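If you read the protein sequences in the order shown, they are chains Z and G. Under the numbering used here, think of the first position of the first sequence as 83, with each following residue one higher. Under the numbering used here, think of the first position of the second sequence as 1282, with each following residue one higher. Yeah, the Cβ is synthetic: ideal placement off N, Cα and C, and Gly gets one too. Keep in mind that this is a model prediction, so the values were computed, not measured.
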Amino acid sequence: MIKSKLLNSLTRTLGGIGYRMTERIWRLGAGARLFFLTIFYSGESFKRFHLTLREIYFTGVMSLLIIVVSAFFVGMVLALQGYNTLQKYGSSEAIGVLVALSLVRELGPVVTALLFAGRAGTAITAEIGLMKTTEQLSAMEMMAVNPIARVIAPRFWAGVISMPILATLFSMVGILGGYIVAVPLIGVDDGAFWSQMQANVDFRLDIVNGLIKSLVFGVACTMIALFEGFDAPPTAEGVSRATTRTVVISSLTVLALDFVLTSFMLVI
Amino acid sequence: MNPNIVEIDNLSFGYKGRLLHKGINMVFPRGKVVAIMGGSGSGKTTLLRLIGGQIKPSKGEVRVDGAVVHQQDRDGIYKLRRKMGMLFQHGALFTDLSVFDNVAFPMRELTDLPESMIRDLVLMKLNAVGLRGAYSFMPTELSGGMARRVALARAVALDPNIIMYDEPFAGLDPISMAVICDLIRSLNDALGATSIIVSHDVKETFLIADYVYFVANGEVAAEGTPHDLMQSTLPFVHQFVHGEKDGPVPFHYPASNYQAELLGHKSAK
């Protein structure tokens, strides 16, 4: 009796694990399929660029405020913490390099992607999810209009185009924040701040690599947001869960991708 | 030319181990208004989705204008859908577009018509449903009945051969219901189209339908003209048409022993 109960519970547990695993693999496959279909049906997004431009406004321009304000504070905190450590070694003039390299190489692309996932990613998921719930996507299908070409692809390219621009702005505003704390407030030499930065920040190794990172994060965050919305069960609870999943999966993916990309960039 | 624009032949469809349709046969003659009626969950809307090619049957086939729907590739299905217009239960208007842009949507997406011609056509379609004056409204500013009329204007934007209506009367006030009722019939006759109405509103549907199919337990339980069905002595049709509380469709969903459950008897759980 006890043996059979134990066997039953073991079977249930293993079955549960198997089900979860297959479900995740299935979702990964479905996400990859949507990604390839999006690329395949992208012609319309460029032929009728106003569709993509409209989405750039909603995902990129509307995210500007949160990006700029966050960048300003991140830059100021970097300068404060950096100065605190560097002055112990008598190299407080290197504060400009520290702020710039931290922002351009890492914080710019990563924090922008995390903020993008929270601000624009959730909006994309909720919008697509609600379009599905209110049968707008079905209506489009029934009109012989492909929702992937008309709804998904313009939003995808808007995210991919917006992210590097937002990351660049983040780094620029962050450096400005760092400058305000380091030079006028702490009293670091103005010339040293900028000249050390100019001498030590490499265009290809730092700036281009940072841009590559933000481009990859743009593809990942936008695709995750689109897939979660497109795959959301057409209920209030389904859309709410999809929105939460967008933030969680995007954040983890960005951090994991950052590690992979950084290791490749340092080796190459 | 085949007198039937849509033919459903021995169609079976099921999902998650449950068979929703068991060998259904239906025909929809050109120029007629045909209704599919039945209780909630009887698979009426699923039939529309099968006709539109949004899902594939498990057995049997649906033919639209002679073409077997589930054998078409994506381009073939889209080609067939260009002959169809569909009114969804809640309108399914695009909430980010105005009334004008909603009606213009299929014209802009599927034709190369100049903007000036699209403007005229949209205003004509909106005038036909009595909402030309509301062209600049956003969908959130419309009442349920108005939204349904705009969706109807959008469904007929490209003068389709087949117009499908999913519960067109659900949740409408009596005036809106009468307006939609009249529009379905008049648009069908003006366009020379075939209308397929899925509904459980007996009075309105019987007023405009030429022929009615009753679906129950996955099969066609009865069919005929509204007049024939009003006189029908079949228990299910009689209960449905006259809105009787009890009959072949019981009031109570199957459950365990009532007394035992109330007394907390273990076997009731």
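Non-local beta-carbon contacts of residue 1524(G) in its own chain, meaning distances under 8 angstroms to residues more than five positions away in sequence, involve 1483 in chain order.
Taking residue 239(Z) as the centre and dropping the five residues before and after it, the same chain places the C-beta of 127 and 134 closer than 6 angstroms to its C-beta, in chain order.
Excluding residues up to 5 positions away in sequence, 1314, 1462, 1465 and 1466 lie with their Cβ nearer than 7 angstroms to the Cβ of residue 1489(G) in the same chain.
Under the 8 angstroms criterion on CB atoms, residue 220(Z) is classed as interfacial with respect to chain G. Unbroken beta strand (DSSP E) stretches of 3 residues or longer found wholly inside the stretch 93-161 of chain Z: none. Taking 8 angstroms as the threshold, the shortest C-beta distance from residue 141(Z) to chain G does not fall below it. Considering only beta carbons, the part of the stretch 1345-1378 of chain G lying closer than 9 angstroms to chain Z consists of 1355, 1358, 1359, 1360, 1361, 1362, 1363, 1365, 1366, 1367, 1369, 1370, 1371, 1372, 1373, 1374, 1375, 1376 and 1377, in chain order. Interface annotation for the stretch 1493-1518 of chain G against chain Z: empty, criterion Cβ-Cβ distance under 7 angstroms. Contact check for residue 1338(G) against residue 1331(G) passes: the beta carbons are separated by less than 8 angstroms. If you compare the alpha carbons of 1347(G), 1543(G) and 1361(G) with that of residue 1308(G), the shortest gap goes to 1347(G). Straight through space, the alpha carbons of residue 1492(G) and residue 1380(G) are spaced by roughly 33 angstroms.
Distances from the CA of residue 1365(G) to each of 1511(G), 1438(G) and 1395(G) were compared; the closest alpha carbon is that of 1438(G). The continuous stretches of beta strand (DSSP E) do not include residue 1508(G), which lies in the alpha helix (DSSP H) extending over residues 1507-1512. Residue 1429(G) holds the alpha-carbon nearest to the alpha-carbon of residue 1454(G) among 1429(G), 1507(G) and 1389(G). Around residue 307(Z), no beta-carbon contact reaches into chain G at under 9 angstroms, the shortest distance being about 17 angstroms. With contacts defined by Cβ atoms closer than 8 angstroms, residue 179(Z) and residue 257(Z) do not form a contacting pair. Beta-bridge pairing by DSSP links residue 1302(G) to 1294(G). At least 8 angstroms separates the beta-carbon of residue 297(Z) from that of residue 225(Z).
Rounded to the nearest angstrom, the gap between the Cα atoms of residue 1370(G) and residue 1449(G) is 6 angstroms.
At least 8 angstroms separates the beta-carbon of residue 1434(G) from that of residue 1394(G). Residue-level contact check: residue 1338(G) does not touch chain Z, since none of the beta carbons of chain Z fall below 8 angstroms from its beta carbon.
Within the DSSP bridge table, the entry for residue 1504(G) names 1494(G) as partners. When the Cα atoms are used, residue 1402(G) and residue 1409(G) turn out to be separated by approximately 11 angstroms.
Counting only the Cα atoms, residue 199(Z) lies some 19 angstroms from residue 116(Z). In terms of beta-carbon proximity, residue 1387(G) lines the interface with chain Z, with at least one pair separated by less than 8 angstroms. With respect to chain Z, the C-beta atom of residue 1402(G) has no partner C-beta closer than 8 angstroms.
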